[in-house]
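Remarks on the structure that follows.
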Amino acid sequence: MPSPQPGHPAARARFLRIDGVPLHVRTEGSGPLCLLSGGLGCSWFDWDLVVPFLTPFRSVVRFDRPGYGLSAAEPAGDRPAPTAAGEADRIRAVLDGLGLREPCTVVGHSLAGFHVEAFARLHPERTAGLVLVDGSVEPAARPYPAPGARDLAARAVAGAATALAVPYLLGPTARRVAARLATVRHEDLAPKPLVRHCYRTGRALRALLRENTRYLDLAAELDDLRRTRPLPEDLPVTVLAADDGCRTRRTETRLAEQRELAALLGADFRTTAPAGHLVMFDRPDAVASAVLDTR
-19 MPSPQPGHPA ARARFLRIDG VPLHVRTEGS GPLCLLSGGL GCSWFDWDLV
31 VPFLTPFRSV VRFDRPGYGL SAAEPAGDRP APTAAGEADR IRAVLDGLGL
81 REPCTVVGHS LAGFHVEAFA RLHPERTAGL VLVDGSVEPA ARPYPAPGAR
131 DLAARAVAGA ATALAVPYLL GPTARRVAAR LATVRHEDLA PKPLVRHCYR
181 TGRALRALLR ENTRYLDLAA ELDDLRRTRP LPEDLPVTVL AADDGCRTRR
231 TETRLAEQRE LAALLGADFR TTAPAGHLVM FDRPDAVASA VLDTR
């Protein structure tokens, strides 16, 4: 794996209005195109350690979904709850908004694995490769009933918590604790000022609750897409699984699920150790290798 190299083109940050919502987008590097999408509750800076490995060889796109990072929240009202197809279309719209129409390697961490796989299935002509970084696995998912009511409840809880200043008081601390639990380093390597700025807002909590409420719905939707929209036979697919080095039942179960996912997708299966769920913090070099090896 080559070391990070200085001198790559400077990052450019901008806002794109996608479906009426200003989304924060960053582009940097040069070469074939790749897009990085973070998991539940993640922001663009969670990829900071990976990007220097990529930019000498790839043009890298990162963006914050509505409510996360610097992106605006979706407006209150009757906006639909997140769906796999909707997130795939959002990725396409981001690339279109940047004027980038060449095939792209899409990289999804955790929950965003659902999003990028849906993109590859719904937009195969725009997909050069697919990399799932410790992606979510939920075989034979059966969503809970009343999705509209669940989404309304998530909005209501987020609104009540925001009115009580819960995100402002506890949001950054909760983010840091979650990150520490998800790494073998047991520390949040994200810049503290950015964590404070992005996670003490009600919009971040609202986005997290809405996505979490829809988790099983997205998994079931993706199961349907797997039956009806096959991946291109020649598409390079990689499943990168985190191995924390502990031979506990939880670790072995997680690794077995990742192997099964790789078998289902006909993917190259890789493990990286020691690494927690936030593989981007513990082994950014392994994440970059998985991306660079797709083309």
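In the working numbering, the protein residues as written are -19 to 275. Virtual Cβ for every residue (Gly too), placed ideally from N, Cα, C. Quick caveat, the model's predicted, so the values are computed rather than measured.
How should residue i be labelled, buried or exposed, when 16 other C-beta atoms within 10 angstroms of its C-beta is the threshold for buried?
i	result
Y48	buried
P(-14)	Because P(-14) sits at a pLDDT of 47, beneath the cut-off of 50, its placement in the model cannot be relied upon, and the following sentence gives the value as read from the coordinates. With fewer than 16 Cβ atoms within 10 Å of its Cβ, P(-14) is classed as exposed.
G246	exposed
P119	exposed
D76	exposed
V175	buried
V117	buried
T130	Just to set this straight, residue 130 is Arg in the shown sequence, not Thr. Answer is buried; the Cβ neighbour count reaches 16.
H(-12)	With a pLDDT of 47 at H(-12), under the threshold of 50, the modelled position of that residue is not reliable, and the figure given next carries that caveat. Counting Cβ neighbours within 10 Å, H(-12) comes out buried, since at least 16 surround it.
S10	exposed
T274	buried
R(-3)	exposed
A266	buried
A56	exposed
E167	exposed
R6	buried
L13	buried
L198	buried
R302	Limits of the chain in this structure are -19 at one end and 275 at the other, which puts residue 302 out of reach.
Measure from the alpha carbon of residue i to the alpha carbon of each residue in the options, then state which is nearest.
i	options	result
R180	V146, A159, A162 and V164	V146
A184	R70, Y148, A129 and V113	Y148
A270	D224, G109, A53 and L29	G109
M260	E237, C84, S90 and T218	S90
G225	D262, R209 and R275	D262
L15	E240, L80, P62 and L235	L80
R186	A61, R38, S10 and S17	A61
A268	R(-3), R6 and P36	P36
V217	R155, V41 and L241	L241
H177	E191, R156, H166 and L161	R156
D214	L161, E8, P104 and I71	P104
R165	A52, R38, A56 and P254	P254
L211	P152, R106, F33 and T233	R106
A170	L258, T7 and L34	L258
L34	R160, E8 and I71	E8
A206	R72, A121, A52 and I71	Per the sequence shown, residue 206 should be read as Arg rather than Ala. Out of R72, A121, A52 and I71, A121 has the C-alpha closest to the C-alpha of R206.
Please report the straight-line C-alpha distance between residue i and residue j, rounded to a whole angstrom.
i	j	result
L132	L189	10 Å
R227	R(-6)	44 Å
T193	P264	29 Å
D229	F249	Sequence check: residue 229 is Arg here, not Asp. So the two alpha carbons sit approximately 20 Å from each other.
T85	R59	29 Å
P83	L196	29 Å
P46	A(-9)	21 Å
G182	G18	19 Å
V87	G93	7 Å
R135	A154	19 Å
R209	L102	7 Å
V137	V74	29 Å
L272	A143	45 Å
A159	A126	31 Å
P152	E237	31 Å
T231	T251	12 Å
E191	K172	24 Å
Answer yes or no: do residue i and residue j have a C-beta to C-beta separation smaller than 7 Å?
i	j	result
D114	A243	no
V1	E54	yes
L78	H4	no
T163	G21	no
D(-1)	S23	no
V40	V31	yes
(Q) Does the structure place the region 87 to 105 close enough to the region 57 to 68 that three or more beta carbon pairs sit under 8 Å? (A) These segments touch.
Q. Would you call the region 202 to 214 and the region 25 to 45 touching, i.e. three or more CB-CB distances under 8 Å?
A. Taking 8 Å as the limit for Cβ pairs, the verdict is that the region 25 to 45 does not touch the region 202 to 214.
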